[in-house]
Amino acid sequence: MAVAPIPSDLESPPTPDPPKRGVTRRQALAAAVAAGVGVGAVRLLGGALQNLNHTTTTAGAGSGTDWASPLGSESARVMQLLRRTTFGYTPAQLDAALSDGFSRTVDRLIETPPAEPPALVAASTPGGRFAVVQLQQWWIDHMLSTPTPIAERMTLFWHGHFTSDYRKAADNTFMYWQNLTWRRMAMTDLRSMLMKVTTDPAMLRYLDLATSVASSPNENYSRELMELFTMGTGNYTEEDVRQGALALTGWQLPRPDGTAPAPGTGRNLPVYTSQKSGVFNRRRAYSATVTFLGHTGTLDTQGVVDRILAQNATAPFIASKVAQHFVTSRPSSSFVNRLGDTFRRSRYDMKTLMRAVLTSPEFADPSSYRSLVKSPIELMVHASRAIGDSQLSRLIAAAGSGMGQTLFDPPDVGGWPNNESWISSNTVIERVNFVTAALAQAKSLPSSRDAAVHQLDGVVGTQTAALLNQATDEGTRWFVTLASPEFQLK
Amino acid sequence: MSDQVGINQLKRRDFLRAGLVFGAGAAGLAAGYAAVPDAFARAVYAAKQEGITNDNVLVMIQLAGGNDGLRTLVPLADPLLHDLRPQLAGSMVARALPLNNQYGLNHNLGGIKSLWDKGKVAIVQGVGYPNPTFSHFESIRIWETGDPTRRQVDGWLGRTLAQAYDSNGHPLTGCACGATDVPGALRDLQATMTVIQDQKKFGFTGGREVEAAVGALYKGTPGIYGALFDTAIATATETVATLRTSSTSYVPMADYSDKVKLVYSSKNQLAAALQLAAELIVTGTGVKLLHVTLGGFDTHYTELNRHDDLMGYLDSAVSAFYQDLAAHGKADKVLIATWSEFGRRPKENASGGTDHGAAAPLLLIGDPAKGGLYGSEPSLTDLDTTGNLKYAVDFRSVYQEILGGHLGADSKAILGESFDHVDFLRTPVAV
């Protein structure tokens with residue numbers, strides 16, 4: 030069983046980083062040509078398939094075969110970086126990133142402020158009573174066209190972490206605001222993020238803090254704040270949940286600026302002239318002493334957050350989740366602890382954590398290569414950008430459900446599962462069907478000449494290589510590329 | 012049926028091969044899993060074993076989010092209930108459907124009540140486990156794996172598939188209906204199971220040509236996910252072929268409807284999922300272990316209407332399912348069992364709801380069940396330190412009875428130990 034790295038540039042064994050000067054895509058391709066393997070990916074496969082079969086078998090550690098990691102080369106690391114933090118690239122964007130090199134690309138990704146999506150007109154509908162598909166398409170449209178796709182990847186990450194769903198939030202304007210808030214806070218610090226999360230109107234509804242009062246607190250938010258958002262189980266007691274619930278009482282939904290008739294309901298529902306967060310009502314709040322996470326005294330919401338940030342479990346918990354999302358499905362405890370230390374020392378700064386994650390040796394380790402499965406949204410937006418089609422938001426919004434990912438509607442408060450959980454008999458059919466539908470809708474397709482190099486790093490299994498070689502038209506080659514196992518991975 | 016056996020045996024070789032590759036994938040994923048035995052030895056084992064030969068079927072219905080046991084099986088005569096639940100208790104007691112002087116079913120469980128009247132509903136009261144966790148995810152995992160110590164990673168039904176059935180030859184032996192991913196209870200890296208969200212959409216656009224191309228594309232895929240992908244594609248293709256046959260020969264004999272008005276609408280189409288389950292059962296696809304889910308039970312707020320609506324939805328879907336099976340002459344083979352990660356707190360909260368609780372009743376429905384109340388209702392006066400009901404019956408006692416008495420599997424091999432006997436089956440099969 031052979032796996033077939035194509036250009037020699039991507040084939041070289043891991044070596045110390047080359048001098049900081051990057052390589053252009055053109056140079057990478059030229060290197061491939063120089064190595065005598067061909068010009069374009071497809072012709073190259075056609076000409077060299079037999080050779081590749083015989084020459085480049087890379088056995089994994091005792092368990093069948095593994096992908097031959099190309100991450101020893103900087104260009105492959107840049108492509109993996111873009112695959113994991115953006116939604117793919119045009120040839121020009123890839124050129125620019127290759128020319129900047131890995132570290133400058135990391136800087137640019139992390140330091141460029143997020144581009145705001147255009148305002149969603151429907152969000153002014155009284156009571157937020159507009160179809161959720163409008164919200165979904167609005168976000169997907171932005172994913173397809175934004176100049177700062179990493180902001181959308183981070184927003185999606187936080188959407189799956191600080192979950193809310195539109196059903197229980199019962200106001201799609203609140204869900205819209207949450208999306209705007211998560212994007213703006215995505216690369217800030219955990220302390221201010223947790224205050225924004227706690228007082229977010231959709232969250233106040235989703236985890237019932239809006240109806241929790243001192244005389245009879247609701248434990249839902251207190252529990253999930255510690256279990257799912259910051260610390261994980263085993264690091265607090267049931268008494269901490271109860272005492273935390275007391276300390277967190279007092280929040281209410283924001284007061285509307287007025288009401289107006291809501292279409293189709295025959296009722297007047299709230300309208301807001303601007304985005305708002307929850308309001309604190311002292312009369313509903315518990316003001317006496319609590320004992321929470323080892324601290325006894327009066328505690329307000331900021332105090333609760335600060336107690337959580339003072340726990341040793343918090344930084345590694347977030348670091349582990351980030352590492353699992355961007356680096357490897359099973360990060361080692363030493364990696365997690367190292368990231369956690371860096372995160373905590375930076376006063377929980379997300380840019381510091383993200384830089385540490387992306388520039389870690391683990392990110393470039395061969396075991397990291399293709400160790401993550403693209404989520405359905407990632408897959409669909411990547412595929413659309415690969416074929417240069419920015420008109421697919423309707424299809425993408427509809428197709429996510431059968432693959433297990435509907436935006437603004439995570440399966441439960443734990444958010445979406447990842448990696449192997451994305452793979453079942455149902456989801457693989459839906460993934461393939463999406464590719465078929467997207468290609469059928471595309472008015473024209475770009476040349477597939479470089480697709481195997483650009484989209485698949487030029488590292489393909491024998492089956493994919495064989496099918497690419499057999500394909501006689503652009504549509505089939507794009508189908509094989511985008512439906513391939515290689516493209517499902519990141 | 013006879014020609015399908017032939018088809019299955021023909022395909023079996025492909026699946027054994029997939030099983031081999033699958034083993035390689037499992038080893039690659041080993042970090043979080045216990046040591047995976049040698050793949051070849053496992054394939055030989057799968058090829059050798061006969062598996063269970065009876066044709067009994069199990070359908071597990073997950074009530075996700077933590078079902079309120081006190082609103083499902085209502086204590087009719089306990090005055091404490093009104094003190095603990097001033098907002099929630101009144102109407103639920105007044106409207107309950109009495110089973111005896113002490114207990115009644117939720118007023119929206121009329122269909123299940125009529126099955127009770129025919130002796131086809133067993134209710135095990137006070138089901139739980141020691142030192143309960145109040146985390147959804149931990150408790151779901153405990154119920155799914157059947158292991159409160161949280162060491163086991165495979166699901167109890169997944170282990171049953173792997174140990175007692177030859178699922179590698181028959182991907183429809185275990186099936187999750189109405190889902191997109193494999194539910195934890197069915198998960199086991201050594202078994203094959205299928206997942207069908209919506210039968211109408213289950214198939215490759217472009218038909219057999221695309222199917223063949225994809226089959227060629229996903230063969231010997233490298234990497235840690237390679238075997239998982241290849242097996243999923245092979246399972247999908249096999250399942251598509253089976254559904255092509257089954258859908259032409261099945262006519263539903265009951266009115267399944269998902270057009271229910273829920274205050275907080277559920278994400279699961281329970282009736283459609285059970286209709287698919289019925290199709291798979293009555294057309295003789297060889298399905299043994301089915302899993303469906305109804306979400307929305309995490310009733311921290313405005314529980315009154317939401318929980319009643321969920322009960323009504325459950326009742327109509329289960330009633331249609333039973334009626335359909337009976338009309339097709341299969342009701343004697345199928346045991347339906349509900350499960351939920353926990354019950355809810357006896358004392359209500361300020362949001363008109365209830366927080367996470369512990370012990371709760373579990374319903375076993377169908378001809379194989381021996382109607383009646385089992386276990387014992389936990390006391391409202393003797394709550395644990397968290398204000399929750401103490402359990403009387405370990406949930407694994409129920410699993411043990413299902414595995415041994417209904418499926419004829421070696422429950423001790425699957426659960427790792429023996430538990431108290433709960434005698435809720437009419438005619439337990441001999442193991």
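Sequence lines, in order, name chains A and B. The numbering used here numbers the first residue of the first sequence as 30 and each following residue consecutively. The numbering used here numbers the first residue of the second sequence as 12 and each following residue consecutively. The beta-carbon is built from N, C-alpha and C at its ideal position, and this holds for glycine as well.
Give the interface partners of residue i over in chain A, defined as CB-CB distance under 9 Å, in chain order.
| i | result |
| --- | --- |
| B/Glu352 | The contacting residues do not exist; B/Glu352 stays about 11 Å from chain A at best. |
Which residues mark the beginning and the end of the alpha helix (DSSP H) in which residue i is found?
| i | result |
| --- | --- |
| A/Ala412 | 405-415 |
| B/Ile63 | Here B/Ile63 belongs to no alpha helix (DSSP H), and DSSP marks it neither H nor E. |
| B/Leu400 | No alpha helix (DSSP H) holds B/Leu400; DSSP gives it neither H nor E. |
| B/Lys299 | Run containing B/Lys299: none; DSSP gives neither H nor E here. |
Could you tell me which chain B residues have their CB closer than 9 Å to the CB of residue i, listed as they occur along the chain?
| i | result |
| --- | --- |
| A/Arg399 | Pro233, Gly234, Ile235, Tyr236 |
| A/Gly433 | Ala190, Thr191, Asp192, Gln208 |
| A/Ser245 | Lys358, Glu359, Asn360, Ala361, Ser362 |
| A/Gly24 | With chain A covering 30 to 519 only, the question about residue 24 of chain A has no answer from this structure. |
Could you give the distance in angstroms between the alpha-carbon of residue i and the alpha-carbon of residue j?
| i | j | result |
| --- | --- | --- |
| B/Ala45 | B/Tyr229 | The predicted position of B/Ala45 is uncertain, since its pLDDT is 25 and thus under 50; a value taken from the coordinates is nonetheless stated next. Straight-line Cα distance between these residues: approximately 27 Å. |
| A/Asn341 | A/Ser363 | 15 Å |
| A/Ala314 | A/Ser128 | 56 Å |
| A/Leu497 | A/Leu138 | 33 Å |
| B/Ile123 | A/Arg384 | 57 Å |
| A/Thr192 | B/Asn65 | 44 Å |
| B/Ile376 | B/Ala133 | 6 Å |
| A/Tyr250 | A/Phe116 | 33 Å |
| A/Val308 | B/Asp266 | 48 Å |
| A/Asp335 | A/Glu267 | 19 Å |
| A/Pro146 | A/Gly369 | 32 Å |
| B/Arg317 | A/Leu236 | 16 Å |
| A/Leu421 | B/Gly80 | 46 Å |
| A/Ser513 | A/Trp445 | 23 Å |
| A/Arg158 | A/Thr302 | 16 Å |
| A/Ser221 | A/Leu338 | 11 Å |
| B/Gly39 | A/Ala148 | With a pLDDT of only 31 at B/Gly39, under 50, the local geometry of the prediction cannot be trusted, and the value read off the model is given with reservation. One C-alpha to the other measures close to 46 Å. |
| A/Ser397 | A/Gln492 | 22 Å |
| B/Lys129 | A/Pro405 | 47 Å |
| A/Val365 | A/Pro290 | 52 Å |
| A/Arg213 | A/Pro142 | 9 Å |
I want to see whether chain B comes within less than 8 Å of residue i, judged by CB atoms only; does it?
| i | result |
| --- | --- |
| A/Ile452 | yes |
| A/Val300 | no |
| A/Glu503 | no |
| A/Leu518 | yes |
| A/Leu73 | Low local confidence applies: a pLDDT of 31 at A/Leu73 is under 50, so the model's placement there is unreliable, with the coordinate-based value given in what follows. So, not an interface residue. |
| A/Thr510 | no |
| A/Ser193 | no |
| A/Val402 | yes |
| A/Ser513 | yes |
| A/Ser241 | yes |
Say the cut is 7 Å; is the CB of residue i nearer than that to a heavy atom of the ligand SAH?
| i | result |
| --- | --- |
| B/Gly217 | Among the components of this structure there are no ligands whatsoever, and the ligand SAH is therefore not found. |
Could you spell out where the beta strand (DSSP E) holding residue i opens and where it closes?
| i | result |
| --- | --- |
| B/Leu374 | 371-376 |
| A/Ala317 | Unbroken run through A/Ala317: none, as it is neither H nor E. |
| A/His324 | 324-326 |
| B/Tyr410 | Run containing B/Tyr410: none in the beta strand (DSSP E); it sits in the alpha helix (DSSP H), 406-411. |
| B/Tyr267 | Per DSSP, B/Tyr267 belongs to no beta strand (DSSP E) and is neither H nor E. |
| B/Trp350 | 345-350 |
Can you tell me the Cβ-Cβ gap for residue i and residue j, rounded? I've got them flagged as a contact below 8 Å.
| i | j | result |
| --- | --- | --- |
| B/Leu285 | B/Asp320 | Actually they do not touch by this definition, with Cβ atoms about 17 Å apart. |
| B/Gly382 | B/Val433 | Actually they do not touch by this definition, with Cβ atoms about 14 Å apart. |
| B/Val293 | B/Tyr333 | About 13 Å; that fails the 8 Å criterion. |
| A/Asn201 | A/Leu238 | With 8 Å as the limit, A/Asn201 and A/Leu238 do not qualify as a contact, their Cβ atoms being about 20 Å apart. |
| B/Val345 | B/Val138 | Their Cβ separation, rounded to whole angstroms, is 21 Å, which puts B/Val345 and B/Val138 out of contact at 8 Å. |
Any C-beta of chain A sitting closer than 8 Å to the C-beta of residue i?
| i | result |
| --- | --- |
| B/Gly185 | no |
| B/Asn360 | yes |
| B/Lys270 | no |
| B/Asp94 | no |
| B/His311 | yes |
Given that residue i touches chain A, what residues does it touch there, using C-beta distances under 7 Å?
| i | result |
| --- | --- |
| B/Val212 | The sequence given here has Lys at residue 212 of chain B, not Val. Those are Gly431, listed as they occur along chain A. |
For residue i, return the contacting residues in chain B, with the cut-off set at a CB-CB distance below 7 Å.
| i | result |
| --- | --- |
| A/Glu267 | Phe145, Thr397 |
Residues of chain A with CB under 8 Å from residue i, in chain order?
| i | result |
| --- | --- |
| B/Leu228 | Gln492, Thr493, Leu496, Val509, Ala512, Ser513, Pro514 |
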